[in-house]
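The block underneath contains the structure these notes are about, expressed in structure tokens.
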């Protein structure tokens with residue numbers, strides 16, 4: 361099955377949106393597993409979009425500030 365050309369970009373944005381919400385809640389317990397679960401994806405799929413949690417955190421924070429700004 362082929363995905364539309366914008367599928368990967370849309371998935372990455374969905375991950376960032378979920379991560380921004382979770383990280384903003386400040387619970388401190390939300391890791392990659394929880395972000396991906398809430399985005400409806402698997403943990404293994406994370407690495408197709410980000411190198412590590414630090415990269416996700418940085419981009420999620422930037423996206424949150426962009427959205428609120």
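Numbering (our numbering), first residue to last: 361 to 429. Note that CB positions come from ideal geometry on N, CA and C, so glycine has one too. The structure displayed is predicted, hence computed values, not measured ones.
Between residue 393 and residue 403, the gap from beta carbon to beta carbon is short of 8 Å.
Annotated three-state conformation of residue 361 is coil, per DSSP.
As the crow flies, the alpha-carbon of residue 389 is around 34 Å from that of residue 364. Judged by DSSP in its simplified three-state form, residue 367 adopts helix.
Judged by beta-carbon spacing, residue 382 lies beyond the 8 Å limit of residue 372, meaning their Cβ atoms are not closer than that value.
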